[in-house]
Amino acid sequence: MHDLVLAGGHVLDPANNLDGPADVGIAGGRVAEVGRVTTGARRTIDVGGRYVLPGLIDTHAHLSRHFGSAEGHAMVAETGVVTVLDLAGDADDLAGALAGGGAGLNVAYLHPLIPDRTVPGRDPSADEVGRAVDSALEAGALGIKLLGGHYPLTPGATGRAMDAATARRCYLAFHVGTTETGSDVRGLAEALDLAAGRRIHIAHVNSYCRGQTTGDPVAEAQQALDLLYAYPSALSESYLSVHNGTSARCDDGIPTSGVTRTCLRLGGYEQTERGLEAAIRAGYARIHAIAGGRVILATPQAGLEAWRAAGTDAGISFPVNHIPSAILLATARRAGRFVIEALSTDGGSIPRNFLVRHGLMLVQIGAWTLRDFAVKASLNPARMLGIPTKGHLAVGADADVTVVDPDAGRAIWSVAGGRLVLDEGHLVGRGGAFITTPRGEAAVRARLGACAVVHAEGWGEDDDRAAGYRA
Ligand SMILES: [Zn+2]
């Protein structure tokens, strides 16, 4: 007896070369049968006329206090994504959201290294960085995120943080930039030099190609592709949205985030709290506000009020991404492989969860096949995360499935760990599963009790995960 059967759909599973009609039987949170399923089921859903893909994975989102909030769980889940990596997460926030409601997602997080907040100053020692990484891993993080573009460390401290991650075989992600560079292609070149052949997740490549160093975003996208192609150990993602997302927090009249100051400069505004207020009033800067349990981009007046009410510590978005270069980055292939492994959103509680909508737009215009979409939004992300039981639908795999209607550009059903998250377009998922390493398991179990815990593999230098999955 299966728990659930998705019957009559077209299964598209690139890892197993499945591309045809098949039912998917699910039992005990695993894929139990693929093909013509005759075993009975507690529930059978007719997914005829739809495409059945391995569960979609967003390798860059925000669900925690540093850049987001718990609203992000529902905002991600209602798009059909079932697994998400919080790129500046917090164990308390994520566990609290899973225990207090959640939306049925599989969640993992990276601990952010932020000067004077999570590490001492901009030039912490090897010991100081090592202690921060150890306590993050014990708390349940998969690894660390360097936030150079927003809160840079010195190049030396950036290298020490990379060493600390490598020594512990943990996940390492980088929003490029140090005290010597910025969040641009120059920063990308520096990041890859500092990484020196290590496995590293380069965050949102599109955001380094806004014309900041050459004035030509498409030329910068080509440069970024050349750099990434030359560093095959760098795993990367990009997103498709004109809006970025950053912090509107100001201390002593100055925006604290370097990204926010740059956006003000790009828009012709003073790089001060006064300049930010003018940008919000003019509708160039859009404050993130909560409405109906979701985060939205507020109108100018509502945004100003929410920003003031929050004492300036609110999220904010600027229309600074260059769409032609973002499409070039998402679709670029060399030697038959995607140069940038994954499509992401940098969304979550930042209101731009466009992985499905904009990914399927690329399918609709013929820039991608639906198989390409499955590779960029499920197979490659699962391999980046180090979870061999996700990203495909072989018998025994985690029962993570997303059923899409490519012509409508949306997901209709989704399943995470065998449980429905989206049911005929309606969000029904609750709770969720925490993805951690063996080192973080005790802390996660202490917080979440019987809640599912999924292990990710270590991120060693000696495994060859980077090879062979860029199809
Ligand atoms: Zn981000």
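Count along the sequence shown from 1, then add 599; that gives the number in the working numbering. Beta carbons: idealized from backbone N, C-alpha and C, even for Gly.
Between the CA atoms of residue j and residue i - distance to the nearest angstrom
i	j	result
A795	E904	46 angstroms
Y868	N920	17 angstroms
I585	D912	The shown model of the chain, from 600 to 1070, leaves out residue 585, and the question about it has no answer.
V604	A973	21 angstroms
M674	R798	30 angstroms
L617	I1011	20 angstroms
H1054	A735	16 angstroms
V784	G628	43 angstroms
D850	T859	13 angstroms
R1064	S943	For R1064, the pLDDT reaches just 42, beneath the cut-off of 50, and the residue's location in the model is therefore unreliable, leaving the point undetermined.
P653	T678	15 angstroms
D1061	G985	Unreliable placement is indicated for D1061, whose pLDDT of 44 sits below 50; the coordinate value is still reported in the next sentence. Near 13 angstroms, if we compare the C-alpha coordinates of G985 and D1061.
L1019	V651	14 angstroms
Q870	R864	6 angstroms
L704	A909	29 angstroms
L928	V804	8 angstroms
W906	D692	22 angstroms
D715	E940	33 angstroms
G1017	L954	22 angstroms
N843	L709	20 angstroms
G1031	G701	6 angstroms
G1028	I656	16 angstroms
L896	G755	37 angstroms
Assigned exposure category for residue i - 16 Cβ within 10 Å defines buried
i	result
M983	buried
R848	buried
A760	buried
H1025	exposed
E1023	exposed
R1069	Unreliable positioning characterises R1069 in this predicted model, as indicated by a pLDDT of 32, which lies under 50. The coordinate reading is nonetheless provided below. Buried is the call here.
A766	exposed
I889	exposed
G619	exposed
I964	exposed
A687	buried
V994	exposed
G667	buried
T717	buried
G720	exposed
T898	exposed
Q822	buried
A1045	exposed
R873	exposed
G902	buried
Cutoff 8 angstroms; reference residue i; Cβ partners in own chain excluding five residues on either side
i	result
H601	G624, I625, A626, A631, E632, V636, T638, G639, A640, R641
G857	G748, H749, Y750, P751, G776, G781, S782
R893	E670, A673, M674, P950
L1047	A694, L697, A698, F1033
R970	L611, P613, D618
T753	R721, D722, T777, T778, E779
Nearest candidate by alpha-carbon position, reference residue i, set the options
i	options	result
D733	D971, R629, R768	R768
I922	P816, V610, D645	P816
T757	H749, A766, L745	L745
V681	V994, G695, A998	A998
P831	L736, H800, A996	H800
D645	L655, P653, R664, D622	D622
T658	E677, S977, L693	S977
V1000	S1013, L834, D945, G1008	S1013
D825	G1028, L791, V841	L791
G608	L1021, V1003, A1032	V1003
T930	Q900, W906, W967, F953	W967
T845	I915, E940, G814, L927	I915
A676	A1015, A901, A1045	A1015
S837	G1028, A996, P980	P980
H774	P987, A802, P754	A802
A833	C808, A772, I879, I886	A772
A962	P1005, N952, I926, K975	With the sequence shown as reference, residue 962 is identified as Val, and Ala is not the correct amino acid for it. The shortest Cα separation from V962 among P1005, N952, I926, K975 belongs to P1005.
I743	Y770, S724, T813	Y770
Cut-off 7 angstroms between Cβ atoms - residues of its own chain near residue i, not counting five sequence neighbours on either side
i	result
Y883	G866, F917
G671	A660, H661, L662, G947, S948
G810	P816, E819, H921
M960	G1008
V841	P918, N920, I922
E727	V718, P719
Residues near residue i by beta carbon distance below 6 angstroms, same chain, minus five either side
i	result
A707	L684, L741, I1034
G739	A690, T1035, G1039, A1042, V1043
Y828	R933, V938
H957	L839
A881	none
T988	A996, D997
L793	T757, G758
Exercise for review: Mind listing which residues have their beta carbon within less than 7 angstroms of any non-hydrogen atom of ligand 1? Chain order is fine.
Suggested key: Counting every residue whose Cβ lies closer than 7 angstroms to a heavy atom of ligand 1, we get H659, H661, F666, L686, A687, H774, A802, H803, G844, D945.
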